Every structure is written in C-alpha cells, then in structure tokens.
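Using UniProt numbering, you'd call the opening residue of the sequence shown number 1 and step up by one each time.
Every residue, glycine too, gets a C-beta built ideally from N, C-alpha and C.
Since the structure is predicted, the reported quantities are computational estimates derived from the model, not experimental observations.
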Amino acid sequence: MDKYQAAYAKRLSKLKSDNSSPKAIARLCAWDSFFNQEFELQDLEYQMADAARQRYEQSNVKNDISFKAFKRAFYNESIEIYNLTDGAAIQKVFTPLIMLATAWIVFVCSVSN
1 MDKYQAAYAK RLSKLKSDNS SPKAIARLCA WDSFFNQEFE LQDLEYQMAD AARQRYEQSN
61 VKNDISFKAF KRAFYNESIE IYNLTDGAAI QKVFTPLIML ATAWIVFVCS VSN
C-alpha cells in the first residue's frame, strides 16, 4: 500500500479542507476502506455497498446525511481512488489490447469469408 500513499496524501489535503462535510467523511471512509482492503475486485459492488453501510453506521454523521448520499459520495471517492491508483494504469494498458484483438478478429473473419 506504500505506493498509494502519495495519491492518498494529495487527496487527503483536499478533503481535509472540507472535513466538516458529511460527504467528506464518506470520502475519507472510502480511503480507509481501501487501505484496510475491505473490498476486492471480485464481487466489488456488493463488497463496496457492505463497506459503505458499515462505515455509515460507525460514522458520526448519520443524522446529517442519508445513507444514499453517503453511499454515493463513498462510491464516487472509490472511483477517484481507482483513477489515482493502479486501476487507471491497468485500463490504459488493456483497452488498446482489447481494441487490437477486436480488430484482428474482425480482420480474420472478413478475410475468411
């Protein structure tokens, strides 16, 4: 997790300026869940919903924000985490490979007919 510390520090400084906001609390909870590895890629949606629910129940902002709004902020921050970490790098590598493989399949199918 050390390689994510720079991304986290950058994002944390922005979030701390808005620390009193319930959505900022949800975003900080998303980072905490990420570092505690509360969700993995398999069954991601269920695990993220479960992590968001647990964090919401443990937070001190339950009276200030609905679970739906908390979960939305939690999910949005999780997407931000994905973009700041390996997810974006993996996507940049595999998207061109998928496009190339698709083009190759189309070419082979058109030549064989």
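Quick check on ILE65: does DSSP put it in helix, strand or coil? DSSP, reduced to helix, strand and coil, places ILE65 outside both helices and strands of the structure shown, so it counts as coil.
Mapping DSSP to helix, strand and coil, what is ASN83? helix
Pairwise C-alpha distance: ALA51 and ALA103: 39 Å
Where the alpha helix (DSSP H) through SER33 begins and ends: For SER33, the enclosing alpha helix (DSSP H) begins and ends at 22-35.
Locate the alpha helix (DSSP H) running through ILE59, then write down its first and last residues. According to the sequence as given, residue 59 is Ser; it is not Ile. Counting along the chain, no alpha helix (DSSP H) covers SER59, and no H or E run does either.
For TYR82, tell me which candidate among ILE65, PHE35, ASN60 has the shortest Cα-Cα distance. When each option's Cα is compared against that of TYR82, the closest is PHE35.
May I ask which residues mark the beginning and end of the alpha helix (DSSP H) holding SER13? It spans 5-16 - the alpha helix (DSSP H) in which SER13 sits, taken as one unbroken run.
Please report the straight-line C-alpha distance between ARG11 and ARG72, rounded to a whole angstrom. Between ARG11 and ARG72, the C-alpha separation is close to 18 Å.
Could you compute how far the alpha carbon of MET99 sits from the alpha carbon of SER112? 20 Å
Measuring straight from C-alpha to C-alpha, what distance separates TYR46 and VAL106? 36 Å
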